[in-house]
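A.B. asks:
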Amino acid sequence: MSIFARPHYTSDATQFLDQLKTAKPQMEQEQRLGRSLLWDKQIDRDFQTQAEAGQIAQQPYVYQAGSDHT
Numbered sequence: 163m164s165i166f167a168r169p170h171y172t173s174d175a176t177q178f179l180d181q182l183k184t185a186k187p188q189m190e191q192e193q194r195l196g197r198s199l200l201w202d203k204q205i206d207r208d209f210q211t212q213a214e215a216g217q218i219a220q221q222p223y224v225y226q227a228g229s230d231h232t
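Residue numbers (our numbering): 163 to 232.
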């Protein structure tokens, strides 16, 4: 056994999370649902291809006005 090992130690943060999970067992499922609403989206590949094809090349120096702007 290492001299640095603390076999029965749990941090305050770990204790808090364990208590929270015990008090709200549905919390993890709610988090997964919230994530799916915001992040897990189906990508329309055809639309993405069209959007990328419609982009205009950026000027080397973006703040320089073109010849049509005076």
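All C-beta atoms in this analysis are idealised placements derived from N, C-alpha and C, irrespective of residue type, glycine included.
1) What separation, rounded to the nearest whole angstrom, lies between the Cα atoms of Q217 and I205?
2) Kindly indicate which three-state DSSP category Q220 falls into: helix, strand or coil?
3) Looking at L182: is its Cβ nearer than 8 Å to the Cβ of M189?
4) Starting from Q177, follow the alpha helix (DSSP H) in both directions and report where the run begins and ends.
C.D. replies: Taking the coordinates as given:
1) 18 Å
2) coil
3) yes
4) 174-185
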